Amino acid sequence: MALRYTISRKIGIGFGASLLSVFVVFIFSVTNFKSGDKAIKSGQTRYTKIEEVYQPSEELLNKLIYQIEQSKGRASQWVNDQSKDEAKFKTEFRDLVFNEIPRTKRMLGDIMMQWEDSTEQAQLLTAFKKIDDLFMYYDEIMTMLSDLEAYNNASNVMYLRIFVSNEGEVEVNANDAINILKQILKAQQRKSEEATANFKKDMAEVSDNFEYGIRIITILGIALGAGGLVVAILTIRSIVMPVRKLREMLQLMGIGDLPEKITNVKNDEIGDMSKSMNDLVDALRRTSDFAAEVGKSNFDYPHEPLSDKDTLGKALLKMRDELAETERILEEKVEERTREIEKQKQRVEELYMDVTDSIKYAKRLQDSILPPESKLQNLLEDCFVLYKPKDIVSGDFYWIEEKNDKVFFAAVDCTGHGVPGAFMSLVGSNGLDHAVKDHKKSSPAEILDDLNVTASETFNKEATDKTVSDGMDIALCSLSKDRTKMEYSGANNPLYLVREGRIIKYKADKFAIGSFKNGEKKYTNNVVELKKGDVIYIFSDGYADQFGGDKGKKFLYSNFRDLLVEIHQKPTTEQKAMLDERIEEWRGNYEQVDDILVFGVKI
């Protein structure tokens, strides 16, 4: 008996050869990828070291050197310039000694633990000891010359002038500390340069591996393509051409043109198909004629099934009997559905009017709590508010009030937006009014603590579910009458102060209003000395979170800060217009994702 060379065997041989070639390409690709991945991980480690250790270390060392230079000059000025205790240079000197330099030391001490060289760690500790010795002399200066009368003691003044002379203890200790810090800085810079060079080397290795892999894969791909071409030619000759003949016959039958019968029948599956095709031609003629007549609604056209197993013929007969009844039922249902849709349309229109009226009423309520432009300009003089609700009503609102020679102003972001956010804003505005007017709170931190009590009682007094998350994010400021001092406290929302082209960020506490019980936490009160030309910005997260641009990404806080620095010297009316124009240009055709609020005050 002759071997039957079936289609499955033909296809199996062809696909087997192709799969083997693909497997070879896969193994090489995996090997090359692992080599490249190793180099990438090495580069990532070095890059992380540069970003998290070397660069921060350089910045902090430079900052500490600068601060010591500043403190040395202020100490000399304290001794030689007889002045009141509230003199600006004395305030700056105390801030350097008690705040800035200790803060920089703490940050350097933290990052020092990541240094690999114990010698540099020991050098830094030595520098810290020099700074501590320097602070002892600073303390003696501030103690002995604590007021104007102390300058009348000539012996004390002469004694302290020796401290701050070119060869005095202050100069010696300060220079010793600075020299040590510069040595450490030079070592950190050298390590940063070495790490950067190694990082570039790793990336070059990755590039070389990639190019090598591309060349090899290209060669293997060409070989695979050539092998596939051979398989394709063999498949066409033994399988595709006979199948194409059957397809042409089926296409003719599909358009109602019955072909001639096949005479050359082979000993394989295609030969079996050819024999069946001959039987199908006769049957199709009768079935297609009947289906065409039924499709014309000629339900009296005669038809007999080909056999007892002719399910198609039986189905066509059943279809003929049911179509007439179906036509009648469909006509009745169409009329019924038309009436129902008309009623539903009328009901939807009524509901839409009710909802729209409710939202408009909510907007009137919210508009009533927002301070008018005249009040803003009267209390703050040079300011602007960019207020862009996502919906008709908003979860963001701004607030201002004057009390005890202070102007309080805030930017508030309530949970959600639309109607729910708007009603929360009513609670927030009322709570701020009560805290200032009724409860006599005088600092932003006290006001936020009081507002938290009001919000917690309002949002959660009936709630038993611990997942309730109603609350507010807020940035609250108070401005002295002479515009020289500002106090700030925030819940999640920071404050940006732009001064002489440089932005200063005052961080907020990371817990929202209404998220904890009274007494569990307290908000931080920040006191900031202001200068003429400073610009204060408080805001919600809607501006930075807006999607847009060419790639549909968020605007981000980094771009927001750069924009504030760019526009801060403009008049406030122009700042508002530029902020609005920039975010609309960024948004493009994207939907506004949240309420937008930016509050700016120019000193």
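Residues in the sequence shown are numbered consecutively from 703, following the numbering used here. A virtual CB, placed ideally from N, CA and C, is assigned to each residue, including glycine. Nothing here was measured: the structure is a model prediction, and the numbers come from that model.
Q.
Suppose only complete runs of 3+ residues qualify. What are the beta strand (DSSP E) ranges in the segment 1105–1143, listed by chain order?
A. Listed in chain order, the complete beta strand (DSSP E) runs (minimum 3 residues) inside the segment 1105–1143 are 1108–1116.
(Q) Closest to GLU1222 by C-alpha separation, out of SER1158, ASP1252, LEU1019, would be which residue? (A) Counting from 1 along the sequence shown, the entry for residue 1222 is found at position 520. With distances taken between CA atoms, GLU1222 lies nearest to SER1158 out of SER1158, ASP1252, LEU1019.
Q: Could you check which residue in ASP878, ALA856, LEU1178 has the C-alpha nearest to that of SER1242?
A: Along the sequence shown, one-based indexing puts residue 1242 at 540. With distances taken between Cα atoms, SER1242 lies closest to LEU1178.
Q) With C-beta atoms as the reference, is ASP1297 less than 8 Å away from GLY1097? A) Within the sequence shown, numbered from 1, the residue matching residue 1297 stands at position 595. Within the sequence shown, numbered from 1, the residue matching residue 1097 stands at position 395. Cβ distance < 8 Å, so ASP1297 and GLY1097 count as in contact.
Q | Endpoints, the alpha helix (DSSP H) within which VAL945 is located | A | The residue labelled residue 945 in the question sits at position 243 within the sequence shown. Counting along the chain, VAL945 sits inside the alpha helix (DSSP H) bounded by residues 943–956.
Q | Integer-rounded CB distance, given that MET951 should sit under 8 Å from MET979 | A | As a first step, residue 979 must be located in the sequence shown, where it is residue number 277. As a first step, residue 951 must be located in the sequence shown, where it is residue number 249. About 6 Å separates the beta carbon of MET979 from that of MET951, a gap short enough to meet the 8 Å contact definition.
Q. So what does SER1182 bridge to, in DSSP terms?
A. The residue given as residue 1182 occupies position 480 in the sequence shown. DSSP output for SER1182 lists LYS1108 as bridge partner(s).
Q: State the Cα-Cα distance for the pair GLU962 and LYS1011, rounded to the nearest angstrom.
A: Sequence index remark: in the sequence shown, residue 962 carries index 260 (1-based). Sequence index remark: in the sequence shown, residue 1011 carries index 309 (1-based). Cα to Cα, the separation comes out at about 26 Å.
**Q.** Residue nearest to ALA934 in terms of C-alpha spacing, selected from ASP849, GLU818, GLY718
**A.** Looking up residue 934 in the sequence shown gives position 232. Checking every option, the nearest Cα to that of ALA934 belongs to GLY718.
Q | Delimiting residues of the alpha helix (DSSP H) encompassing PHE992 | A | On the sequence shown, residue 992 is found 290 positions in, with the first residue counted as 1. PHE992 -> alpha helix (DSSP H) spans 971–997.
(Q) Residues in the same chain with beta-carbon distance under 6 Å from VAL1306, minus the five sequence neighbours each way, listed in chain order, please. (A) The requested residue 1306 is not part of the displayed model; the chain covers only 703 to 1305.
Q. In chain order, which beta strand (DSSP E) runs of at least 3 residues are fully inside the segment 1014–1099?
A. Correct list: 1085–1090.
Q) What number of angstroms, rounded off, separates the C-alpha of SER999 from the C-alpha of GLY1250? A) Position 297 of the sequence shown holds residue 999. Position 548 of the sequence shown holds residue 1250. If you draw a straight line from the Cα of SER999 to the Cα of GLY1250, it is about 56 Å long.
**Q.** Own chain partners of PRO1091 with C-beta closer than 6 Å, once the 5 adjacent residues on each side are dropped
**A.** On the sequence shown, position 389 is the one that residue 1091 refers to. Correct list, in chain order: ASP1297.
**Q.** Residue nearest to ASN1291 in terms of C-alpha spacing, selected from ILE938, GLY811, GLY1254, LYS903
**A.** Residue 1291 sits at position 589 when you count from the first residue of the sequence shown. Ranking ILE938, GLY811, GLY1254, LYS903 by Cα distance to ASN1291 puts GLY1254 first.
Q: State the start and end residues of the unbroken beta strand (DSSP E) segment that holds LYS1187.
A: Taking the first residue of the sequence shown as position 1, residue 1187 is located at position 485. Looking at the DSSP string, the run of the beta strand (DSSP E) that includes LYS1187 is 1187–1193.
Q: State the beta-bridge partners of ALA1177 as determined by DSSP.
A: Stepping through the sequence shown from its first residue, residue 1177 is reached at position 475. According to DSSP, which records beta bridges pairwise, ALA1177 is partnered with ALA1113, GLY1192.
Q: Inspect the CB distances between the segment 914–924 and the segment 754–769 and report whether three or more fall short of 8 Å.
A: No: fewer than three Cβ pairs fall under 8 Å.
**Q.** Residue range of the alpha helix (DSSP H) that includes VAL1295
**A.** Sequence index remark: in the sequence shown, residue 1295 carries index 593 (1-based). VAL1295 -> no alpha helix (DSSP H), and no H or E assigned at all.
Q. Between VAL1087, LYS1065, ALA1064, TYR1063, which lies nearest to PRO1074 when the distance is taken from Cα to Cα?
A. One-based indexing of the sequence shown puts residue 1074 at position 372. Cα-wise, what sits closest to PRO1074 is VAL1087.
**Q.** Unbroken alpha helix (DSSP H) run spanning PHE865, endpoints
**A.** As a working mapping, residue 865 is identified with position 163 in the sequence shown. Where PHE865 is concerned, the enclosing alpha helix (DSSP H) stretches over 856–865.
Q. Excluding sequence positions up to five away, which residues of its chain have a Cβ less than 7 Å from the Cβ of TYR756?
A. As a working mapping, residue 756 is identified with position 54 in the sequence shown. Around TYR756: GLN890, LYS893, SER894, ALA897.
Q. Going straight from the alpha carbon of ARG1289 to that of LYS947, what length do you get?
A. Taking the first residue of the sequence shown as position 1, residue 1289 is located at position 587. Taking the first residue of the sequence shown as position 1, residue 947 is located at position 245. Pairing ARG1289 with LYS947, the inter-Cα distance amounts to about 58 Å.
Q.
Quick check on VAL1229: does DSSP put it in helix, strand or coil?
A. Position 527 of the sequence shown, counted from the first residue, corresponds to residue 1229. If DSSP states are grouped into helix, strand and coil, VAL1229 belongs with the strands.
Q. Name the DSSP bridge partner or partners of GLU1103?
A. Start at 1 with the first residue of the sequence shown, and residue 1103 comes out as number 401. PHE1110, per the DSSP bridge assignment.
Q: Let me know the alpha helix (DSSP H) ranges lying completely inside the segment 862–927, each 4 residues or longer, listed in chain order.
A: None, since the segment 862–927 contains no complete alpha helix (DSSP H) of that length.
Q: Name the residue from ALA1017, LYS888, THR821, ASP841 whose alpha carbon lies nearest to the alpha carbon of VAL866.
A: Indexing the sequence shown from 1 puts residue 866 at position 164. Here the closest residue by C-alpha is ASP841.
Q) Does any residue of chain D bring its CB to less than 8 Å from the CB of GLY930? A) Any reference to chain D falls outside this structure, which holds one protein chain only.
**Q.** LYS790 (DSSP reduced to helix, strand or coil)
**A.** Here residue 790 refers to the residue found at position 88 of the sequence shown. Correct three-state label for LYS790: helix.
(Q) Relative to the C-alpha of GLU851, which candidate in LEU862, SER1182, GLU869, ASP787 has its C-alpha closest? (A) Translated into the one-based positions of the sequence shown, residue 851 becomes position 149. Closest in alpha carbon position to GLU851, among LEU862, SER1182, GLU869, ASP787, is ASP787.
(Q) For the pair the segment 1231–1240 and the segment 1192–1207, tell me if three or more CB-CB distances fall below 8 Å. (A) Counting Cβ pairs under 8 Å, three or more are found: they touch.
Q.
Rounded to the nearest angstrom, what separates LYS1168 and SER1070 at their Cα positions?
A. What you label residue 1168 is simply residue 466 of the sequence shown in a count that begins at 1. What you label residue 1070 is simply residue 368 of the sequence shown in a count that begins at 1. Because the pLDDT of LYS1168 is 46, which lies under 50, any placement of that residue in the model is unreliable, and the number read from its coordinates should be weighed accordingly. CA-CA distance, LYS1168 to SER1070, rounds to 33 Å.
Q: Return the first residue and the last residue of the alpha helix (DSSP H) that PHE800 is part of.
A: Locating residue 800 in the sequence shown gives position 98, where the first residue counts as 1. It is not in any alpha helix (DSSP H) - PHE800 carries neither H nor E in the DSSP assignment.
Q.
Please state whether the Cβ-Cβ distance between LEU1232 and MET1188 is less than 8 Å.
A. Indexing the sequence shown from 1 puts residue 1232 at position 530. Indexing the sequence shown from 1 puts residue 1188 at position 486. Between LEU1232 and MET1188, the C-beta spacing is below 8 Å.
Q | Span separating the alpha-carbon of MET838 from that of LYS1224 | A | Here the question's residue 838 lines up with position 136 in the sequence shown. Here the question's residue 1224 lines up with position 522 in the sequence shown. The alpha-carbon atoms of MET838 and LYS1224 are separated by roughly 34 Å.
Q: Going by CA-CA distance only, name the one from ALA1193, ASP1107, LEU1128, GLU1083 that's closest to TRP1101.
A: Taking the first residue of the sequence shown as 1, we reach residue 1101 at position 399. Proximity to TRP1101 across ALA1193, ASP1107, LEU1128, GLU1083 peaks at LEU1128, based on C-alpha coordinates.
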